[in-house]
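The sequence shown begins at 6 in the numbering used here and counts up by one.
Ideal Cβ placement from N, Cα and C applies to all residues, glycine included.
Input: a single structure, listed below in structure tokens.
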Amino acid sequence: MRTVAYHNLGCKVNSYEMDAMLQALRRSGYRIVPFEEKADIYIVNTCTVTNIADRKSRQMLHKAKKTNPEGIVVAVGCYVQSDAQAVEADSAVDLMVGNNRKKDLVTILDSYFKGVSPEGVIDISQTTEYEEMRLSTTQEHTRAYIKIQDGCNQFCTYCMIPYARGRVRSRRKSDVLDEIKGLVSAGYKEFVLTGIHISSYGMDFKDRQENLLTLAREIDGIEGVERLRLGSLEPRIVTEEFAQGLAKLRHICPHFHLSLQSGCDTVLKRMNRHYTPEEYLRGVECLRRVFVHPAVTTDIIVGFPGETPEEFEQTRLFAASVRFYEMHIFKYSMRKGTKAAVMPEQVPEEIKTERSGVLQCMESQDSREFRAFYVGRDVEVLFEEKKELGGEEYWVGHTREYVKVALLSRDNSHEKPQHFQNRLITGKITGFLQNDVLIMECK
């Protein structure tokens, strides 16, 4: 029995695909071992979203070869797709698998051991085929991520993903529904729809009758689905009709990640983002009209090429007016091969750090205020795991708004704590355990 070690880099889509590859390997008789151990085969599912991601991908490939020089090192995914020539020239890499062939990993390995050379990495922008993969279980125990589409047509000036993932390709609705039904049977209660650009779901179908909202409606009707959460959304998708449609779903989680990147119109234009701050704000207001206290989170890039102090101040004021639950703040990282990498007036690193700090401080205050809303209120929590916090053992989980909540493990007033994993429990929030964790008492 051959052994396989793996390391996954990058986004939730990569995580989903890694789970699917591991599932196929196990079913074919391979034994999975920790990445630090000596193995026959090493799978590195790479990322290319930044130059740093490329470097980490190379580091993990070289670490694998160093752990076992006789082992077969397989580079998979986005870094392979974006720079196949460099990966092919890397002496640490024995096999390359592009983003359209992850589903074929077992076949590729079997052929390799028979002396058959694999096909080269294709130009993924030319494919219209969705790579169908399906999970019967995941690495997580309570929450299942469901990949519904691949690819992106947006071509933001700082991003390599359209070149690594290709154009938008949507998964058939029947395949999505069948996978979720199988995972419900396996005990999963919460489902998160994920993809490279899920707001584009259905746009490549000939009849254009399917979209993200129609898919969500179908999933909401599956018996056993207790929660439905959406991954990152394009701000323009949030219209009054879209928000009202979501609000009618029984199981939708009022937690919406709308990627902003900048609150300044001139910076958004340089980024090739196809909305204005005003349009973004209208979407947020739609959500807040139809949901009670929805969690709105975002991504912001500081120090984009040419960002002046005045432009950053517009972003700061805009973020202050929205008052996000969470902001994921990134210092602009030059990505070779993108238009932004050759733009003039690159912002010095120390200025990026200063601007990031300003927003981080705001985020901390706004996030705590959002959580404080729940103190004294009853909430429903899906508990996920036991953790030690402050020297005590707690069950930890999340509300529908993705607020982290802890329940003291030795509090047996409701029922035996060992039964809390993957259970939906309602109780009252009594205060803060930590700055980002609320504490709950069972009814």
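According to DSSP, simplified to helix, strand and coil, what is GLY236? Residue 236 sits at position 231 when you count from the first residue of the sequence shown. Here GLY236 sits in coil by DSSP.
Any idea which residues DSSP pairs HIS403 with across the strands? The count along the sequence shown starts at 1 and reaches residue 403 at position 398. Answer is LEU387 and LYS409.
Are the CB atoms of GLY268 and THR320 within a distance shorter than 7 Å? What you label residue 320 is simply residue 315 of the sequence shown in a count that begins at 1. What you label residue 268 is simply residue 263 of the sequence shown in a count that begins at 1. Result yes, Cβ atoms of THR320 and GLY268 sit closer than 7 Å.
So the alpha helix (DSSP H) GLN131 belongs to, where does it begin and stop? One-based indexing of the sequence shown puts residue 131 at position 126. Premise fails: GLN131 is in no alpha helix (DSSP H) and is neither H nor E.
Per DSSP, what are the beta-bridge partners of ASN13 in this structure? By one-based count along the sequence shown, residue 13 stands at place 8. Bridge partners of ASN13: ASN50.
Ignoring anything shorter than 4 residues, give me the alpha helix (DSSP H) runs that lie fully in the region 344-378, in order along the chain. 354-377
Exposure label - CYS258; buried when at least 16 CB within 10 Å: Your numbering for residue 258 matches position 253 in the sequence shown. Burial call: buried.
Just the C-alpha distance for GLY192 and THR303, rounded to the nearest angstrom, thanks. The sequence position of residue 192 within the sequence shown is 187, counting from 1. The sequence position of residue 303 within the sequence shown is 298, counting from 1. Roughly 30 Å separates the two Cα atoms.
Count the other CB atoms, across all protein chains shown, that sit within 10 Å of the CB of LYS43; report buried if there are 16 or more and exposed otherwise. Working through the sequence shown from its first residue, we reach residue 43 at position 38. Burial call: exposed.
Test item: CB-CB of ARG176 and GLN154 under 7 Å: Locating residue 176 in the sequence shown gives position 171, where the first residue counts as 1. Locating residue 154 in the sequence shown gives position 149, where the first residue counts as 1. Yes, the pair counts as a contact, with Cβ atoms nearer than the cut-off.
Pick from ARG376, GLY125 and TYR47 that is closest to LYS71, judged by C-alpha positions: By one-based count along the sequence shown, residue 71 stands at place 66. Measuring from the Cα of LYS71, the nearest candidate turns out to be TYR47.
Exposure of GLY395, with buried meaning 16 or more beta-carbon neighbours within 10 Å: On the sequence shown, position 390 is the one that residue 395 refers to. Burial call: exposed.
Report yes or no: is there a C-beta of chain D within less than 7 Å of the C-beta of PHE425? Although the question refers to chain D, the structure presented lacks it and comprises just one protein chain.
Sequence-distant residues of the same chain with beta carbon closer than 8 Å to SER264, five excluded per side: The sequence position of residue 264 within the sequence shown is 259, counting from 1. Once the five neighbours on either side are set aside, the close Cβ partners of SER264 are SER237, LEU238, GLU239, PRO240, THR303 and ASP304.
Pairs of beta-carbons, one from the region 121-133 and one from the region 196-203, closer than 8 Å: are there three or more? no
Residue burial classification, VAL297 (beta-carbon count within 10 angstroms, cutoff 16): Translated into positions along the sequence shown, residue 297 becomes position 292. The residue is exposed, with fewer than 16 neighbouring Cβ atoms inside 10 Å.
Which residues mark the beginning and the end of the beta strand (DSSP E) in which ALA80 is found? In the sequence shown, counting from the first residue as 1, residue 80 sits at position 75. Residues 77-82.
Cβ-based neighbour list, LYS108, same chain, cut-off 6 Å, excluding 5 preceding and 5 following: On the sequence shown, position 103 is the one that residue 108 refers to. Answer for LYS108: GLU136 and MET138, listed in chain order.
Buried or exposed: which applies to HIS424, given that a residue is buried once 16 or more other Cβ atoms fall within 10 Å of its Cβ? Translated into positions along the sequence shown, residue 424 becomes position 419. Burial call: exposed.
Could you check where the alpha helix (DSSP H) with VAL487 kicks off and where it finishes? Any property of residue 487 remains undetermined from this structure, which presents the chain solely from 6 to 448.
Got a sec, what are the start and stop residues for the alpha helix (DSSP H) CYS161 sits in? Against the sequence shown, residue 161 aligns to sequence position 156. From DSSP, CYS161 is part of no alpha helix (DSSP H); its letter is neither H nor E.
Can you tell me which of the three DSSP states VAL189 falls into? Locating residue 189 in the sequence shown gives position 184, counting from the first residue. Helix, per DSSP.
Mind the definition here: the region 367-384 touches the region 435-442 only if three or more C-beta pairs lie below 8 Å; say whether that holds. yes
Using DSSP bridges, identify the partner residues of SER175. Start at 1 with the first residue of the sequence shown, and residue 175 comes out as number 170. Per DSSP, GLN154.
SER414 and GLU398: beta carbons closer than 7 Å? The sequence position of residue 414 within the sequence shown is 409, counting from 1. The sequence position of residue 398 within the sequence shown is 393, counting from 1. Against a cut-off of 7 Å, the Cβ pair of GLU398 and SER414 comes out as a contact.
Distance between HIS146 and ASN417 (C-alpha atoms, nearest Å): What you label residue 417 is simply residue 412 of the sequence shown in a count that begins at 1. What you label residue 146 is simply residue 141 of the sequence shown in a count that begins at 1. Because the pLDDT at ASN417 is just 49, under 50, the model does not fix this residue reliably, and the point stays unresolved.
Count the other CB atoms, across all protein chains shown, that sit within 10 Å of the CB of VAL102; report buried if there are 16 or more and exposed otherwise. Indexing the sequence shown from 1 puts residue 102 at position 97. Label assigned to VAL102: buried.
Cβ separation of PHE309 and TYR337, assumed to be a contact under 8 Å, to the nearest whole Å: Along the sequence shown, one-based indexing puts residue 309 at 304. Along the sequence shown, one-based indexing puts residue 337 at 332. PHE309 to TYR337, Cβ: 5 Å. Contact.
Please report the residue range of the beta strand (DSSP E) in which CYS447 lies. Counting from one through the sequence shown, the residue named residue 447 turns up at place 442. Start and end: 442-447.
Helix, strand or coil at ALA200 according to DSSP, with G and I counted as helix: Numbered from 1 along the sequence shown, position 195 holds the residue referred to as residue 200. The question names Ala, but residue 200 is Gly in the sequence shown. Here GLY200 sits in strand by DSSP.
Ordered along the chain, which non-local residues of its own chain (more than five positions away) have a Cβ less than 8 Å from that of GLU134? Position 129 of the sequence shown, counted from the first residue, corresponds to residue 134. Once the five neighbours on either side are set aside, the close Cβ partners of GLU134 are ASN105 and ARG174.
Taking only the alpha-carbon atoms, compute the straight-line gap between ARG428 and LYS409 and give it to the nearest angstrom. Residue numbering aside, residue 428 sits at position 423 when the sequence shown is read from its first letter. Residue numbering aside, residue 409 sits at position 404 when the sequence shown is read from its first letter. So the two alpha carbons sit approximately 15 Å from each other.
4-residue-minimum alpha helix (DSSP H) runs that sit fully inside the region 241-281, ordered along the chain: 245-252 and 270-276
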